[in-house]
Amino acid sequence: MAKQNVEKNLKRRKKEADDSVEQEIELPRGYVPGVPKKLDIRFPRSSSLTAEQQALGVKIYTSTNLSQMKPELEAYMDLRHLIDEEQKIYLDICKDNWNPDLIKLIREDLINKKWNKKLKSARKLHRHYLEAGNIPFTSEFKIKNNFVSTVIDVENLPLLLFPDPERRYVLDRYSKVIEARYFRDKNSQLFLGDLDSNFENLAKEHNVDLVITQSGLNCLAINIDPSYANNWILPVEVKEINNKNVVFVGKPLPPMVKNVLQKNSWVAKYILKSFFLVPDSPDANTQDNLLHSRPPNWRDPDTSVEDSDRVWCEQYQYNIYEIGSGGSPQNELMKSKIQKDYKLLVRTKIDGIEKSRNDEINRIKLAPKLENQLYLGAEAVTIEEGARQWISLAFTPDTTLLRVRMSAKTLEYIQRETRSTVSISNELNRLYSVKGEDAYPIIYNVADTMTKMSPGRYLLRHTPRNGAFANIYRETDQQSKGKNTIDLEVIFCQDEFETASNPPWPLIDNKALTPALICWKRLPAMFYPSKFPPKPQQKKNLRNRNAKK
Numbered sequence: 001m002a003k004q005n006v007e008k009n010l011k012r013r014k015k016e017a018d019d020s021v022e023q024e025i026e027l028p029r030g031y032v033p034g035v036p037k038k039l040d041i042r043f044p045r046s047s048s049l050t051a052e053q054q055a056l057g058v059k060i061y062t063s064t065n066l067s068q069m070k071p072e073l074e075a076y077m078d079l080r081h082l083i084d085e086e087q088k089i090y091l092d093i094c095k096d097n098w099n100p101d102l103i104k105l106i107r108e109d110l111i112n113k114k115w116n117k118k119l120k121s122a123r124k125l126h127r128h129y130l131e132a133g134n135i136p137f138t139s140e141f142k143i144k145n146n147f148v149s150t151v152i153d154v155e156n157l158p159l160l161l162f163p164d165p166e167r168r169y170v171l172d173r174y175s176k177v178i179e180a181r182y183f184r185d186k187n188s189q190l191f192l193g194d195l196d197s198n199f200e201n202l203a204k205e206h207n208v209d210l211v212i213t214q215s216g217l218n219c220l221a222i223n224i225d226p227s228y229a230n231n232w233i234l235p236v237e238v239k240e241i242n243n244k245n246v247v248f249v250g251k252p253l254p255p256m257v258k259n260v261l262q263k264n265s266w267v268a269k270y271i272l273k274s275f276f277l278v279p280d281s282p283d284a285n286t287q288d289n290l291l292h293s294r295p296p297n298w299r300d301p302d303t304s305v306e307d308s309d310r311v312w313c314e315q316y317q318y319n320i321y322e323i324g325s326g327g328s329p330q331n332e333l334m335k336s337k338i339q340k341d342y343k344l345l346v347r348t349k350i351d352g353i354e355k356s357r358n359d360e361i362n363r364i365k366l367a368p369k370l371e372n373q374l375y376l377g378a379e380a381v382t383i384e385e386g387a388r389q390w391i392s393l394a395f396t397p398d399t400t401l402l403r404v405r406m407s408a409k410t411l412e413y414i415q416r417e418t419r420s421t422v423s424i425s426n427e428l429n430r431l432y433s434v435k436g437e438d439a440y441p442i443i444y445n446v447a448d449t450m451t452k453m454s455p456g457r458y459l460l461r462h463t464p465r466n467g468a469f470a471n472i473y474r475e476t477d478q479q480s481k482g483k484n485t486i487d488l489e490v491i492f493c494q495d496e497f498e499t500a501s502n503p504p505w506p507l508i509d510n511k512a513l514t515p516a517l518i519c520w521k522r523l524p525a526m527f528y529p530s531k532f533p534p535k536p537q538q539k540k541n542l543r544n545r546n547a548k549k
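Residue 255 in UniProt numbering sits at position 255 of the sequence shown, and the numbers go up by one each step.
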């Protein structure tokens, strides 16, 4: 009887220890970005893997030369079935415990200020439009995109400086610099937004077929999402230049509804740039001094407000691309083939430059990634974020994207990740079974369809009901109502930028390591390893045989 009581007590203590390991955070001695003080979730079990096995997985994830780790890699592959099974359970628990009510808007005043400005511009547009066709998002052909040349390049880009990862940095969301740099009023064309005079002159000089901004590309690229759940309206103008139709694609009209995650992600890019870009481009010696010295005070950069916005005015690069067959030979016996390649003039933005220790200059685009569940791991890039980031790089040559992870709650800087078109496309394929290149047919079809329309002003519109098509609407003086018409006064009737309720759970990326996970040597999307070593399999089998007797 006493022996049974001892065994019960041991089992109870083991269970309590296993439960407590899910709740306690082993705080590191030094600073590690994103380490939570406590968990906001209680996990029902500990990991199937030991601490040593999880550490092996982290070693594999962070290795840059797997060819020299054959024994470790084989041991890791033997654990893959356990890892996959446990990660699925872990993610299901995380999803069940998602509480969107805890997510608060970041700088709602700036979000509404920018939206109201766009709304006023949208309300000044011509009111009535009549349906004139549609544009498919897919193609039976493999559409390619080739860079031709840069016709206007950027100069005096701001310098990108990241904080010391061994010190805690919290970005000040209320800094005056944010509004001073990015939320000042500026004049723009009414219909197509801020398309400058360079566009028409360059279109004529280089005999292009389609002119588009980065915002226009982003709007088209997000339609690689197979759910086709996006709502958007894109102004387009067809002009006759060089005795042919040239298509000018403007910026999308303002959305009427977005969820809190989307709104926060949008304003975060301005906060990020305000802190990590040095406004005036210094000479090379000064850049060296800046890189090797202590970074500026990230909490209070307001001293630079007066001279902080000069380099933010002209950071556009104008490039020529050809989209279509991409020079690939086509079988002449095929009944259908790509009939024409189209020349594109694309204006994209480069955020700054980063100077490495060996004096190499890298052109950089910044992309924020807000972390709403740091205590669970790193959130996966959404399909919309990935599509925007991929298309941004695909049409900006010799540029790297830096994805910067920050705490959504505190705006604490967590880590930076370097991304290319290849790595982003691989991410999209792994997470959502789509590729960045799936955006090429959409852009090609816009050029192919709209160059055949008569000169005039149009709107391209997509709603979830349209599926894999966008409708074309032509400006008209008719005031008829029906399914084949658009009345912008009806669409933009409300004065409030609505926040959609119940945003979807942000998926935890089961391949992304955070500094905290690396510190603890824990695999992503896995339970905490048990404090008790696993029981030997031989003894367990012997005990089972004795029980049967």
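Each residue gets a CB set at the ideal place from its N, CA and C atoms; glycine is no exception.
Note that the structure is predicted; figures quoted are calculated from it, not measured.
Using a 10 angstroms sphere on the CB of Lys251, the tally of other CB atoms reaches 16 or more, which defines it as buried. Between Phe248 and Phe199, the beta carbon gap of about 7 angstroms places them in contact (Cβ cut-off 8 angstroms). The C-beta distance from Arg430 to Asp398 rounds to 26 angstroms, too long to meet the 8 angstroms contact threshold.
Under the criterion of beta carbons closer than 8 angstroms, Tyr342 and Asp225 do not qualify as touching, at roughly 24 angstroms. Three or more Cβ pairs closer than 8 angstroms define a contact, and the segment 169 to 186 falls short of that threshold against the segment 370 to 383. Under the three-state reduction of DSSP, Gly377 is assigned to coil, being neither helix nor strand. Annotation: the continuous beta strand (DSSP E) that includes Glu371 extends over Ile361 to Glu371. In the displayed model, Gly324 falls within a strand according to three-state DSSP. In terms of Cβ geometry, Leu459 and Tyr440 do not form a close pair [threshold 8 angstroms]. Gly386 sits away from Leu345, with the two beta carbons spaced by 8 angstroms or more. Of Ile83, Arg127 and Gly456, the smallest CA-CA separation from Val490 is found for Arg127. In this chain, the alpha helix (DSSP H) harbouring Pro71 covers Lys70 to Asp78. Contact between the segment 501 to 518 and the segment 128 to 144 is absent, with fewer than three C-beta pairs closer than 8 angstroms. In the three-state reduction of the DSSP assignment, Thr449 falls in the helix class.
Contact between the segment 346 to 365 and the segment 147 to 161 is present, with at least three C-beta pairs closer than 8 angstroms. Excluding the 5 residues flanking it on each side, Lys144 has same chain C-beta neighbours closer than 6 angstroms at Gly326, in chain order. Here Met406 is bridged, per DSSP, to Leu370 and Tyr413. The secondary-structure analysis by DSSP pairs Thr499 across a beta bridge with Lys258.
Runs of the alpha helix (DSSP H) spanning 4 or more residues and lying entirely within the segment 95 to 142 occur at 108 to 123, in chain order. Two segments are said to touch when three or more pairs of C-beta atoms, one from each, lie closer than 8 angstroms; by this definition the segment 230 to 242 does not touch the segment 263 to 278. His462 is classed as buried because its beta carbon has at least 16 other beta carbons within 10 Å across all chains shown. Boundaries cannot be given for Leu39, as no alpha helix (DSSP H) includes it and DSSP labels it neither H nor E. Residue pairing by DSSP puts Val170 in a beta bridge opposite Glu412.
For the pair of segments examined, the segment 33 to 42 was found to touch the segment 507 to 519: the number of CB pairs separated by less than 8 angstroms reaches three. When only Cα atoms are considered, Leu56 and Pro44 end up about 24 angstroms apart. Around the beta carbon of Asp40, fewer than 16 other beta carbons sit within 10 angstroms, so the residue counts as exposed. Taking a C-beta distance under 8 angstroms as the contact criterion, Tyr90 and Ala525 qualify as a contact pair. As the crow flies, the alpha-carbon of Arg522 is around 11 angstroms from that of Asn510. The alpha-carbon of Glu437 is positioned some 11 angstroms away from that of Asn426. Annotation for Gln389: Ala367, Leu401 and Ile424 place their beta carbon closer than 6 angstroms to its own, counting only its chain and skipping 5 residues before and after.
When the five nearest sequence neighbours on each side are left out, the beta carbons in the same chain lying within less than 6 angstroms of the beta carbon of Tyr444 are those of Ile143 and Ile323, in order along the chain.
With respect to the C-alpha of Thr421, the residue from Thr451, Leu411, Val260 and Arg403 having the closest C-alpha is Arg403. With a cutoff of 8 angstroms on beta-carbon distance, Glu412 and Val170 are scored as near each other.
According to the DSSP assignment, Leu56 belongs to the alpha helix (DSSP H) that extends over Ala51 to Thr62. In summary, Lys365 is buried, with 16 or more beta-carbon neighbours lying within 10 Å of its beta-carbon over all protein chains present. A check of alpha carbon separations from Asn242 across Ser215, Asn207 and Pro254 identifies Asn207 as the nearest.
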